[in-house]
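Going by our numbering, the sequence shown opens with residue 2, and the numbers climb by one from there.
Yeah, the Cβ is synthetic: ideal placement off N, Cα and C, and Gly gets one too.
What you are looking at is a predicted structure, and each value in this text was computed from that prediction instead of being measured.
Down below is the structure, laid out as structure tokens.
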Amino acid sequence: VALQQDSGRNWKQEYITLRNKINGPTSMAPPSFFLACARLVLKHATTVDAVRIATNCLELNIDDVQMLRCVGYFLLSTGENSGVNLAIRIFDKVQELQPCEPQSYLDGALVRFWKAHKSILKRQNDEENNGRDVICNFEELGSDIRKCQQLLSHVLTHQWADRFTEVEWPALILLHCVADLVKDLNDDNISNMDGLGPSSLPPEWPISDLAPFQSFADAPAPDTSTSTTQTNTQEQGLLLRCNKFDLALMVWLGWDTDKTDIDLHVKEPSG
2 VALQQDSGRN WKQEYITLRN KINGPTSMAP PSFFLACARL VLKHATTVDA
52 VRIATNCLEL NIDDVQMLRC VGYFLLSTGE NSGVNLAIRI FDKVQELQPC
102 EPQSYLDGAL VRFWKAHKSI LKRQNDEENN GRDVICNFEE LGSDIRKCQQ
152 LLSHVLTHQW ADRFTEVEWP ALILLHCVAD LVKDLNDDNI SNMDGLGPSS
202 LPPEWPISDL APFQSFADAP APDTSTSTTQ TNTQEQGLLL RCNKFDLALM
252 VWLGWDTDKT DIDLHVKEPS G
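Printed below as a string of structure tokens:
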């Protein structure tokens, strides 16, 4: 209500009053309070204030994976560079706290892909608006993409608990999206500006990360020659790639609670 009244000028005082009311001598406002307030502020006020409120959860010094994921998802939803960069640090922390869950790595890959995708879109928009080429930080972009590939390869090449069955599918889909992103950059002539072009980017497909874990069941007897070994390595790494991959729409469901199952049913216009 305070956000809607008087153009939202007095909402901060209302927020402080509520926070002080919940806080007590021996208790503090729970993370859910800060996240709920942050969502309202993001909708009705400024992104900066919303991020500031949400990060109160981090100051509680609680190594709770579910809470950290909620904060990370919220920061990602803001679309702000500062929020996305902080989300990367949070999801990296989650990997340390919960390395036995594949979504810990999927989250880290998703946020980096999102950052890279937004960076490219911003560059393209700046070029259209300014009518000139805009330099993109390919070194940082390449680092994010490479780390994204490594995290997704980790999901694909490790064995997980039975409850994570088929988690490889979202990993493969996102890995193909990353490959398309790199391909588009390599095909972009502007990416050659000032020597910061494709040489700063990783390959489209992380063959070296995936090849050691491919099956040799149908492969011929091994040949120890160098040329043959290199060929087998490349063929192995490409076994997981679909050359006809063409994604029109991707809906990504992120979950933050262990032992839960979420299903999405999409109804097409055709019925």
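Here the C-alpha atom of M29 lies approximately 7 Å from the C-alpha atom of I23. Annotation for V52: the continuous alpha helix (DSSP H) segment containing it runs T48 to A55. V49 is positioned such that its CB atom lies no closer than 8 Å to that of V95. Excluding five sequence positions before and after D93, the CB atoms of its chain that fall closer than 7 Å to its own CB belong to G109, given in chain order. In the displayed model, T79 falls within a helix according to three-state DSSP. DSSP places P32 in the uninterrupted alpha helix (DSSP H) bounded by P32 to H45. In this structure D210 touches Q150 by the C-beta definition: roughly 7 Å separates them, less than 8 Å. In the three-state reduction of the DSSP assignment, H159 falls in the coil class, being assigned neither a helical nor a strand state.
Close CB contacts of A180 within its chain, under the 6 Å cut and outside five residues either way in sequence, are with E205 and W206 (chain order). In terms of Cα proximity to V252, the closest of Q14, L122, C178 and H155 is C178.
Burial check for D163: the Cβ neighbour count within 10 Å stays below 16, so the residue is exposed.
The beta carbon of T258 sits closer than 6 Å to the beta carbons of Q67 from its chain, once the five residues preceding and following it are set aside; these are given in chain order. The shortest C-alpha to C-alpha distance from R70 to any of L36, L152, A46 and V42 is the one to L36. Pairing P203 with V156 gives a Cβ-Cβ distance that is not under 8 Å. When secondary structure is reduced to three states using DSSP, D65 falls in the coil class, being assigned neither helix nor strand. For the pair V85 and V52, the CB atoms are not nearer than the 8 Å cut-off. Taking a contact as a CB-CB distance under 8 Å, the pair F114 and L19 does not count as one, their CB atoms being some 36 Å apart. By the neighbour-count definition (other C-beta atoms within 10 Å, threshold 16), F75 is a buried residue. Straight through space, the alpha carbons of V183 and L77 are spaced by roughly 22 Å. Judged by DSSP in its simplified three-state form, H118 adopts helix.
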